[in-house]
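Q: Chains as they are written, first to last, in my numbering: chain F, -18 to 4; chain R, 19 to 229. No residue lacks a Cβ here, since even glycine has one placed at the ideal position from N, Cα and C. Supplied in C-alpha cells, the structure appears directly below.
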C-alpha cells in the first residue's frame, strides 16, 4: 500500500513537463 | 516514550509529499483538483476576495474531512479572522489560479523525478493538466452566474464536454467526467482526499512516536 505505480520515460522537449517548466 | 503527538486537522500537500518521499498518484491528483476547485467556487459564491496563485505545494491544504483549500483558509474555505486579513494579497483571476494549481499538481505527480525524466500520465489526466495550464483568458461574455452555483456540478450543461477551461466549474466537470458516474464526484473525491489525509496522518503519527 502506498507505493505508486507509474512509468517513467525520457523527457521530450515537446512534452507536458517541458511546457510546464517553461511557465 | 512520552513524546506528544500533535493532532492535526489539515496537512499541506508539501508535507504529504515529503512524508511519503514519493509523488501523489493519479486518483489523488484528480481528487485534489476537484476538491480544491470546489472550495474556490464556494469562496466565489460567498463573494470573498479571489484566491492568490498557488506558489508551492505548501499552499494546498488537505483537511481531515476531505476538503482541500488554498493558503490560510479553513476547511470551509473561509479566510482567517482578524482585521489584518489578506486584503493586500495579490488578487488573481480564476484562470490564473487554475493555471497555477495545474502546475503544482503536475509537480506533485512528478515529485522526485530527475529533470530528464518524465512520468507517463494517463491521457485523460495529462489532458486535464494541459487544459488547466494552457488556458485562454475568459472574455467576460460568459456569465458564470454566482447565484446558480451549487455544491455539485450536475446540471444539463454538464453533459457537454469542456473544450476550454475558463472556470473552477469547468475543472470540476472534467474531473467528474473521469468517473463512470459523474454524480458520484463530490462523494468520491471527498473520500479520496479524506483517505489521503488519514493515511498520511497515520504515517506522521507513527514517525512522531518512534522519534
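Does residue 131 (chain R) get closer than 8 Å to chain F when you measure Cβ to Cβ?
A: For residue 131 (chain R), the answer is yes, since a Cβ of chain F falls inside 8 Å of its Cβ.
Q: Of all the CB atoms in chain F, is at least one closer than 8 Å to the CB of residue 151 (chain R)?
A: For residue 151 (chain R), the answer is yes, since a Cβ of chain F falls inside 8 Å of its Cβ.
Q: Going by beta carbon distance, what residues of the same chain come within less than 8 Å of residue -1 (chain F), once the five residues before and after it are set aside?
A: Excluding residues within five positions, the ones whose Cβ falls inside 8 Å are -8 and -7.
Q: Would you identify the three-state DSSP class for residue 214 (chain R), choosing helix, strand or coil?
A: If DSSP states are grouped into helix, strand and coil, residue 214 (chain R) belongs with the helices.
Q: Per DSSP, which one or two residues make a beta bridge with residue 138 (chain R)?
A: Beta-bridge pairing links residue 138 (chain R) to F:-12.
Q: So, is the C-beta of residue 222 (chain R) closer than 8 Å to a C-beta in chain F?
A: It does not: the Cβ of residue 222 (chain R) has no partner Cβ on chain F nearer than 8 Å.
Q: Residue 227 (chain R) to residue 145 (chain R), Cα distance in whole Å?
A: If I take the Cα positions, the gap works out to 41 Å.
Q: Tell me, please, whether the CB atom of residue 137 (chain R) is closer than 8 Å to any CB atom in chain F?
A: Yes, because at least one Cβ of chain F sits closer than 8 Å to the Cβ of residue 137 (chain R).
Q: List, in order along the chain, the chain F residues whose C-beta lies closer than 7 Å to that of residue 147 (chain R)?
A: Here the neighbours are -3.
Q: Which two residues bound the contiguous alpha helix (DSSP H) that contains residue 123 (chain R)?
A: First-last of the alpha helix (DSSP H) with residue 123 (chain R): 112 to 127.
Q: Three-state secondary structure (DSSP) at residue 61 (chain R)?
A: Residue 61 (chain R): helix per DSSP, three-state reduction.
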